[in-house]
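Numbering-wise (this note's numbering), the sequence shown opens with residue 3 and increments by one. All residues carry an ideal CB built from backbone N, CA and C; glycine is no exception.
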Amino acid sequence: MSLLTAAAAACLVCAQANAANTCSARSGPTVAPVVELYTSEGCNSCPPADRWLSALKSRPDVVGLAFHVDYWDRLGWKDRFASAEFTRRQSEQQSVNGARFSYTPQVVVDGHDRKDWPRANVGNERAKAPVSIELAHDGANVSAKIEAGPDAPLRLAAYWAVTEFGHRSAVKAGENEGVTLDHDYVVREYVPISAWTVQRGAAQKLSFTPSVAADPAHPRKVNLVVIDAASGRPLQALGLGC
3 MSLLTAAAAA
13 CLVCAQANAA
23 NTCSARSGPT
33 VAPVVELYTS
43 EGCNSCPPAD
53 RWLSALKSRP
63 DVVGLAFHVD
73 YWDRLGWKDR
83 FASAEFTRRQ
93 SEQQSVNGAR
103 FSYTPQVVVD
113 GHDRKDWPRA
123 NVGNERAKAP
133 VSIELAHDGA
143 NVSAKIEAGP
153 DAPLRLAAYW
163 AVTEFGHRSA
173 VKAGENEGVT
183 LDHDYVVREY
193 VPISAWTVQR
203 GAAQKLSFTP
213 SVAADPAHPR
223 KVNLVVIDAA
233 SGRPLQALGL
243 GC
């Protein structure tokens, strides 16, 4: 782990009080890597990408997001994590990440389509973050405070994503028939936040209550990604795993 990565990871968890079911976290000084994977249990070229994403669990600074798309469901196996909403997101993001069409597995790192994902170097030489994020979990609610620095664009947007870890599926039909698949960073809920105009010196506050109940068998994170409203590029991201 590089010194920058270690410093960013050290900033992630600022306080935790499990007895009161509250905890908080703050983003680090550099932009956290945001790694999106568009995948499906019905796609036989997807398991290597699933495993590649799972290997990033050793990197606490990485915000990983596995969006399971539903266009493979008609080919013999229905992916229980797939959503038409995630399929729409993949299509809508083509103008941002440079992809010319939707495909699986698709890896997007920091807003860039990475067809060379097996060789992608995630997180090296991170840029200074123009935005900072604080997250606090109190009971069922997660609150956010977003502060924009002098280099931040005037219009920001964001999205929440709830991810779960440690899922396993025994696939009984389709291209992966007979294969047991392991999944991490599975997006269970995705909520976009409309753009707002930055008020210098004033924090933007957001609140989110996940609709998906927590499952003790599958640890989860509540993630917030702040983006440039004009370009869609991630400016900072943070996951809260408590």
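Residue ranges of each alpha helix (DSSP H) run of no fewer than 4 residues wholly in the stretch 34 to 101, ordered along the chain?
49 to 56, 86 to 94 and 96 to 99
Inter-residue spacing [alpha-carbon to alpha-carbon] between Ser145 and Gly180:
42 Å
In terms of residue numbering, what span does the beta strand (DSSP E) encompassing Ser213 cover?
Premise fails: Ser213 is in no beta strand (DSSP E) and is neither H nor E.
Grouping DSSP H, G and I as helix and E and B as strand, with all else coil, what is Arg276?
With the chain running from 3 to 244 in the structure shown, residue 276 is simply not present.
In the structure shown, what three-state DSSP assignment does Ala19 receive?
Low confidence applies to Ala19: its pLDDT is 39, below 50, so where it sits in the model is not reliable, and the reading given next is rough at best. Strand, per DSSP.
State whether the stretch 194 to 213 contacts the stretch 27 to 47, with contact taken as three or more CB pairs (one from each stretch) at a distance under 8 Å.
no
Sort out for me which residues DSSP pairs Trp198 with in a bridge.
Leu158
Backbone secondary structure at Pro120 - three-state DSSP:
helix
Tell whether a beta-carbon distance below 7 Å holds between His139 and Leu242.
yes
For Pro236, the first and last residue of its enclosing beta strand (DSSP E)
Pro236 to Leu242
Candidates Leu240, Ser26 and Pro31, of which the one nearest Arg128 by Cα:
Pro31
Whole-angstrom distance between Ala142 and Leu77, CA atom to CA atom
38 Å
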